[in-house]
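Asks:
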Amino acid sequence: MSLGIPKRSEDYAAWYQELVKKADLAENSAVRGCMVIKPYGYSIWEKMVEVLDKMFKETGHSNAYFPLFIPKSFLSKEADHVEGFAKECAVVTHYRLKNGENGEGIIVDPEAKLEEELIVRPTSETVIWNTYKNWVQSYRDLPILVNQWANVVRWEMRTRLFLRTTEFLWQEGHTAHATQVEAEAETKQMLEVYAKFAEDFMAIPVLKGVKTANERFAGAVETYCIEALMQDGKALQAGTSHFLGQNFAKAFDVKFTNKEGKIELVWGTSWGVSTRLMGALIMAHSDDEGLVLPPLLAPIQVVIVPIFNNEEQLNSANTYASNIVNQLKKLGISVKYDNRDNLKPGFKFADYELKGVPVRVAIGPRDIQNQTVEIARRDTKEKKVIPLEGVAEAIQNLLNEIQENIFQKALKFRTENTREAKTYTEFKKIIEETEGFVLAHWDGTSETEKKIKEETKATIRCIPLNNTLEEGVCIYSGKKSIQKVVFAKAY
RNA sequence: CGGGGUGUAGCGUAGCUCGGUAUCGCGCCUGCUUUGGGAGCAGGAGGUCGUAGGUUCAAAUCCUGCCACCCCGACCA
Numbered sequence: 025m026s027l028g029i030p031k032r033s034e035d036y037a038a039w040y041q042e043l044v045k046k047a048d049l050a051e052n053s054a055v056r057g058c059m060v061i062k063p064y065g066y067s068i069w070e071k072m073v074e075v076l077d078k079m080f081k082e083t084g085h086s087n088a089y090f091p092l093f094i095p096k097s098f099l100s101k102e103a104d105h106v107e108g109f110a111k112e113c114a115v116v117t118h119y120r121l122k123n124g125e126n127g128e129g130i131i132v133d134p135e136a137k138l139e140e141e142l143i144v145r146p147t148s149e150t151v152i153w154n155t156y157k158n159w160v161q162s163y164r165d166l167p168i169l170v171n172q173w174a175n176v177v178r179w180e181m182r183t184r185l186f187l188r189t190t191e192f193l194w195q196e197g198h199t200a201h202a203t204q205v206e207a208e209a210e211t212k213q214m215l216e217v218y219a220k221f222a223e224d225f226m227a228i229p230v231l232k233g234v235k236t237a238n239e240r241f242a243g244a245v246e247t248y249c250i251e252a253l254m255q256d257g258k259a260l261q262a263g264t265s266h267f268l269g270q271n272f273a274k275a276f277d278v279k280f281t282n283k284e285g286k287i288e289l290v291w292g293t294s295w296g297v298s299t300r301l302m303g304a305l306i307m308a309h310s311d312d313e314g315l316v317l318p319p320l321l322a323p324i325q326v327v328i329v330p331i332f333n334n335e336e337q338l339n340s341a342n343t344y345a346s347n348i349v350n351q352l353k354k355l356g357i358s359v360k361y362d363n364r365d366n367l368k369p370g371f372k373f374a375d376y377e378l379k380g381v382p383v384r385v386a387i388g389p390r391d392i393q394n395q396t397v398e399i400a401r402r403d404t405k406e407k408k409v410i411p412l413e414g415v416a417e418a419i420q421n422l423l424n425e426i427q428e429n430i431f432q433k434a435l436k437f438r439t440e441n442t443r444e445a446k447t448y449t450e451f452k453k454i455i456e457e458t459e460g461f462v463l464a465h466w467d468g469t470s471e472t473e474k475k476i477k478e479e480t481k482a483t484i485r486c487i488p489l490n491n492t493l494e495e496g497v498c499i500y501s502g503k504k505s506i507q508k509v510v511f512a513k514a515y
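Take 25 as the starting number for the first sequence in the working numbering and just add one per residue.
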């Protein structure tokens with residue numbers, strides 16, 4: 025079809041790009057690297073926010089809001105942190121515009137220069153720890169369990185809708201604790217929350233693991249992550265949770281008096297997921313006909329399309345449909361009845377497939393005659409006619425089945441695309457020919473990881489949690505290795 | 001930021017080599033017929049040719065700068 029999108033097998037990048045636009049998720053904006061998230065795309069993000077926010081609250085966190093601007097001096101207080109972010113910061117230098125004297129239009133008023141320049145937050149650790157300093161005196165003030173939903177800016181060289189944009193939306197949790205044990209437990213707890221969200225709601229299987237020093241968050245002691253595999257064989261980091269140790273407490277002088285009356289530094293964590301999850305969702309499940317959305321995150325779970333030849337038939341379809349709509353709404357299912365008369369059913373079918381609506385119900389004169397409906401599922405494209413009696417329950421079951429099926433499908437894909445390499449030759453062959461996850465022995469050094477990255481573009485995505493320790497030799501250096509780690513080319 | 005490509009109506013495009021005021025399809029508007037997998041016919045509206053300069057009697061077309069987007073690198077969630 026001319027209205028369709030490119031095939032994944034022919035041009036994966038173009039497929040993704042076109043899908044995002046044609047499915048009305050987002051478009052490029054007048055500002056380089058920044059996107060406009062359109063209502064349909066945003067409603068998916070809202071679903072994600074709703075679920076995650078509930079999970080954060082259930083684990084004891086509260087939302088707060090910290091400023092968009094960070095004094096330049098804050099960023100430089102933690103040495104690794106500033107080094108990690110300095111290259112991609114937007115900086116505010118002036119606070120006023122004026123009309124140019126030579127009719128060149130509006131210009132920056134040179135007299136309105138800021139005393140101290142402000143950084144547009146690339147992440148908020150610094151401004152938050154500067155605030156926490158005032159919040160903490162006693163062990164009784166701890167823990168602080170705060171999350172914020174915000175936008176951040178990272179001046180990227182190359183952007184891709186949802187996957188990497190200059191400005192993006194995310195949540196960042198920032199917690200402060202009295203003990204290392206507690207902070208480490210928090211870090212892992214939030215990793216579990218992310219993994220659960222990815223698997224149970226997004227229907228994307230993820231590897232939980234820890235990052236190597238190279239891939240660690242700037243300023244963290246340890247970075248944990250969930251890694252997902254996309255359909256083109258590339259890995260996508262879908263969420264991160266950082267154990268910050270006492271690094272930010274040291275940098276911002278955040279101390280407390282413990283039960284014994286001794287003064288100690290606070291332990292910290294931070295954790296986040298972003299609109300990048302939208303990219304993961306799209307790339308994990310969708311096909312050449314368009315989006316495939318997991319029912320639990322689909323803004324419209326069921327669409328009902330009437331088929332009619334005249335106004336009389338339309339009227340009876342309206343009546344027939346409103347009964348079904350009411351039943352579905354009672355079960356908490358989001359449903360849209362599309363009885364626009366200027367579009368043919370076939371067009372609507374294709375359009376809702378493009379938008380990834382999990383279940384489509386078609387009702388026509390024959391159905392009304394026979395007291396049936398035709399239901400079609402987006403994930404497998406199967407259609408069948410079922411009785412009107414009990415239709416809502418049948419659809420509810422089908423939604424559950426689709427949610428499970430797309431997860432299993434993604435899991436099967438990942439299993440089939442996870443391979444083991446015993447030698448470097450074998451490793452290079454896999455990375456070049458099939459991509460996917462590659463398990464291989466590694467000597468634990470940054471030098472080896474960097475060499476492998478230079479030669480193959482593959483990086484260590486993570487060292488899986490609960491990895492089985494087994495002696496071996498590093499595929500690159502031949503040195504002793506204690507475990508296999510996960511390599512892949514990454515987004 | 002380096003290399004390559006693209007920019008013409010809401011979307012996709014032809015025209016550019018060889019300068020003469022813009023082609024086609026989809027969509028949009030009106031009417032009639034249609035509607036179980038992307039409807040048909042008839043009529044109609046819509047364009048500072050990305051942008052700013054330059055060359056010329058005349059620029060979508062030739063020249064220069066700038067901007068945006070895409071692909072490939074370096075950086076990153």
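From the three backbone atoms N, C-alpha and C, an ideal C-beta is built for every residue, glycine too.
1. Determine, using beta carbons only, whether V297 and Q195 come nearer to each other than 8 Å.
2. Is F461 closer than 8 Å to G303 when the C-beta atoms are compared?
3. Looking at the unbroken alpha helix (DSSP H) that takes in Y248, where does it start and where does it end?
4. Tell me the residue span of the beta strand (DSSP E) that contains F437.
5. How should K31 be labelled, buried or exposed, when 16 other C-beta atoms within 10 angstroms of its C-beta is the threshold for buried?
6. Hey, F280 and S162 are a contact pair by Cβ (cut 8 Å); roughly how many whole angstroms apart?
7. Measure the C-alpha to C-alpha separation of V170 and V151 and round it to an integer number of angstroms.
8. Quick check on this structure: which residue in R443, V290 and I484 has the alpha carbon closest to the alpha carbon of N154?
9. Would you give the residue range spanned by the beta strand (DSSP E) that G269 belongs to?
10. Suppose the cutoff is 6 Å on Cβ atoms and the five residues either side in sequence are ignored; what does the same chain contact list for F431 look like?
11. I need the boundaries of the beta strand (DSSP E) containing P330, first residue and last residue.
12. Comparing alpha-carbon positions, which option in G285, L423, M254 and S294 lies nearest A273?
13. Buried or exposed: K552, going by 16 or more other Cβ atoms within 10 Å of its Cβ?
14. Please report how far the alpha carbon of K258 lies from the alpha carbon of K513, in whole angstroms.
15. Give the DSSP-derived three-state secondary structure of M25 in the structure shown.
16. Please list, in chain order, all residues of the same chain as E141 whose beta carbon is under 6 Å from its beta carbon, the five residues on each side excluded.
17. Within 10 Å of its beta-carbon, does M25 have 16 or more other beta-carbons around it, so buried, or fewer, so exposed?
18. For S162, write down the residues that DSSP places opposite it in a beta bridge.
19. Following the continuous beta strand (DSSP E) through R384, name the residue where it begins and the one where it ends.
20. Is P323 near I426, with beta carbons less than 8 Å apart?
21. Please state the DSSP three-state secondary structure of A514.
22. Helix, strand or coil for I357 per DSSP?
23. Are there 16 or more other CB atoms within 10 angstroms of the CB of N537, so buried, or fewer, so exposed?
24. Leaving out five residues before and five after V329 in sequence, what residues of the same chain have Cβ atoms less than 6 Å from its Cβ?
25. Select from T211, Q325, C486 and E284 the residue whose C-alpha is nearest the C-alpha of A400.
26. What residues in its chain sit with their C-beta under 8 Å from that of W39, if we drop five residues either side in the sequence?
27. Give me the Cα-Cα distance between L260 and N441, rounded to the nearest whole angstrom.
Replies: In short, the structure shows the following:
1. One-based indexing of the first sequence puts residue 297 at position 273. One-based indexing of the first sequence puts residue 195 at position 171. Result yes, Cβ atoms of V297 and Q195 sit closer than 8 Å.
2. One-based indexing of the first sequence puts residue 303 at position 279. One-based indexing of the first sequence puts residue 461 at position 437. It is not a contact, given that the beta carbons lie outside the stated cut-off.
3. As a working note, residue 248 is residue 224 in the first sequence. If you look at Y248, you'll find it isn't in any alpha helix (DSSP H); it sits in the beta strand (DSSP E) that goes E246 to L253.
4. Numbered from 1 along the first sequence, position 413 holds the residue referred to as residue 437. Here F437 belongs to no beta strand (DSSP E); instead the alpha helix (DSSP H) covers V415 to E440.
5. Walking along the first sequence from the start, residue 31 turns up at place 7. By the neighbour-count rule (16 or more Cβ atoms within 10 Å), K31 is not buried but exposed.
6. Here residue 280 refers to the residue found at position 256 when the first sequence is read from its first residue. Here residue 162 refers to the residue found at position 138 when the first sequence is read from its first residue. Their Cβ separation, rounded to whole angstroms, is 6 Å, which keeps F280 and S162 in contact under 8 Å.
7. Within the first sequence, residue 170 is the residue found at index 146, counting from 1. Within the first sequence, residue 151 is the residue found at index 127, counting from 1. Near 13 Å, if we compare the C-alpha coordinates of V151 and V170.
8. Here residue 154 is taken as the residue at index 130 of the first sequence, counted from 1. Closest option to N154, Cα to Cα, is V290.
9. Counting from one through the first sequence, the residue named residue 269 turns up at place 245. Start and end: A259 to G269.
10. Position 407 of the first sequence holds residue 431. Shown here for F431: same chain residues with a beta carbon closer than 6 Å to its own, the five before and five after excluded, namely A227 in chain order.
11. What you label residue 330 is simply residue 306 of the first sequence in a count that begins at 1. Run containing P330: V326 to P330, per the beta strand (DSSP E) assignment.
12. Residue numbering aside, residue 273 sits at position 249 when the first sequence is read from its first letter. Ranking G285, L423, M254 and S294 by Cα distance to A273 puts S294 first.
13. Here the chain covers residues 25 to 515 and nothing more, so residue 552 does not appear.
14. Stepping through the first sequence from its first residue, residue 258 is reached at position 234. Stepping through the first sequence from its first residue, residue 513 is reached at position 489. Spanning the alpha carbons of K258 and K513 requires a straight line of approximately 5 Å.
15. Taking the first sequence and counting its residues from 1, the one referred to as residue 25 is at position 1. Low confidence applies here, because M25 scores a pLDDT of 36, under 50, leaving its location unreliable; read the following figure in that light. M25: coil per DSSP, three-state reduction.
16. In the first sequence, residue 141 corresponds to position 117, counting from 1. Taken in chain order, the residues that qualify are K96, V115 and T117.
17. Along the first sequence, one-based indexing puts residue 25 at 1. Annotation note: pLDDT 36 at M25 (below 50); position unreliable, coordinate value reported separately. Around the CB of M25, fewer than 16 other CB atoms lie within 10 Å, so the residue is classed as exposed.
18. As a position in the first sequence, residue 162 is number 138, starting the count at 1. Partner(s): T281.
19. Reading the first sequence from its first residue, position 360 is the one you call residue 384. Unbroken beta strand (DSSP E) run through R384: V383 to I387.
20. In the first sequence, residue 323 corresponds to position 299, counting from 1. In the first sequence, residue 426 corresponds to position 402, counting from 1. No, they are not a contact pair.
21. Position 490 of the first sequence holds residue 514. Three-state DSSP puts A514 in a strand.
22. By 1-based counting over the first sequence, the position of residue 357 is 333. Here I357 sits in coil by DSSP.
23. Outside the shown range of the chain (25 to 515) lies residue 537, about which nothing can therefore be said.
24. Counting from 1 along the first sequence, the entry for residue 329 is found at position 305. Excluding sequence neighbours, V329 sits near D362, P369, K372 and A386.
25. Residue numbering aside, residue 400 sits at position 376 when the first sequence is read from its first letter. Considering only alpha carbons, the answer is Q325.
26. By one-based count along the first sequence, residue 39 stands at place 15. Closer than 8 Å at the Cβ level, and outside the excluded window around W39, lie I29, P30, K31, R32 and D312.
27. Locating residue 260 in the first sequence gives position 236, where the first residue counts as 1. Locating residue 441 in the first sequence gives position 417, where the first residue counts as 1. Each residue's alpha carbon lies about 14 Å from the other.
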